[in-house]
Structure formats: C-alpha cells, structure tokens
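Its first residue numbered 23, the sequence shown is counted upward by one per residue in my numbering.
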Amino acid sequence: MFEACKGGFLDSPSLSLLNPYLPNLSASWLFQRAMSAKELPDVPPSFINELLYTNFQSMEKLGDPVLRPFLQDVIQFGPLVKTLGLVMITKPQLLPFIFKQVGVPVLIDWSGHFLMLGFYTFLASYIDPLIRPLINTFPSKMKFQWNRYLEAWKYGAGLDYTL
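Here it is in structure tokens:
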C-alpha cells in the first residue's frame, strides 16, 4: 500500500494488484467443506473423524515439513500432493465418501485452484529468481507491478512459511 501511495499508482489496475488471487487460500476451503457436518444417507457418521485421523496420520508419517505448515493454515503444493497421495494409497475406500460429501462439481472447481497452487509454486520457485535481479532496472510503475506479481506467487503458493 505504501509503495502504491508513494508512487502514485492509485489507478484501479494497480490497486487490484494489492489484493491478488491466492490459490493456497482458495484451495483450503475444500477442507472446510469436507469437514462440514452434513447428514448424508450414503456417508457413515464416522466419516469426518476417519478422514481427519487418516489425514493427520499421513502428515505425521511425512514429517514436520508437511505437518507444521498445515497446522498453521499454510497450504503448500508439495506437502498437499504428498498427503493426498498417501491418503489415496493407504485409505482408498475414503474416496467415494469424499466425492459424496463435497460433490463432484465442487471437486472439479477445487482442482483448478489445486493446479494454480502448483503453477504459483513453479513461478515462485523458478521464475522469481530470474526476474527479481532485473526489477530495479524497470521503470517505477513496472517495478511496482512486478513486485506485486512476485509477492502474489510467493504468498499464493504458501512459500512465505519457513520451518
């Protein structure tokens, strides 16, 4: 905000860069949806407890780099892929209940955010280091814009978290 005011970048496109799309936040809502207490005829009442137990058991097996960010509400692509993969391998019988609990359209929508989480992780990890050294050579408005893009990639991928 300070940089926008100081540089006079108060037009709508510039200000919109201060509130970017963050796929890690968008991906996290599926967990809330899956844990919602709905009474569905084909979903056992113990489903949510079993899903929580299986997820935490998987994250514990995968170690602190997976468990600790999740416990602090930081969703990251690598840990999420590992956890989902381990849950699918160890408890594949949960998958039909997940589909019933959240619904196929919701899972399809979530998949887009999941893919964007991976894309932002790629951008923050591999493209940011190429662009960052050049930013100080850009004109001031372009510098402001690129700083916002780099921040969005980093925060949108949950890469602001460190162990």
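In this text, a Cβ means the ideal position worked out from N, Cα and C, and glycines have one as well. Bear in mind the structure is a predicted one, so any value in this text is a computation, not a measurement.
Range covered by the alpha helix (DSSP H) that runs through residue i
| i | result |
| --- | --- |
| V109 | F99 to T112 |
| I153 | D150 to I153 |
| T184 | Unbroken run through T184: none, as it is neither H nor E. |
| S133 | V126 to F144 |
| G29 | F24 to G29 |
For residue i, three-class secondary structure by DSSP
| i | result |
| --- | --- |
| V96 | coil |
| P161 | coil |
| V65 | coil |
| P42 | coil |
| S58 | coil |
| G85 | coil |
| L32 | coil |
Environment of residue i [buried if 16+ CB atoms lie within 10 Å]
| i | result |
| --- | --- |
| V124 | buried |
| F24 | exposed |
| I97 | buried |
| N205 | Because the chain in this structure spans residues 23 to 185, residue 205 falls outside the shown range and cannot be described. |
| W51 | exposed |
| N77 | buried |
Residue i vs residue j beta-carbon contact at 9 Å
| i | j | result |
| --- | --- | --- |
| A174 | L39 | yes |
| P66 | F121 | no |
| E72 | K113 | yes |
| L172 | A146 | yes |
| F99 | T143 | yes |
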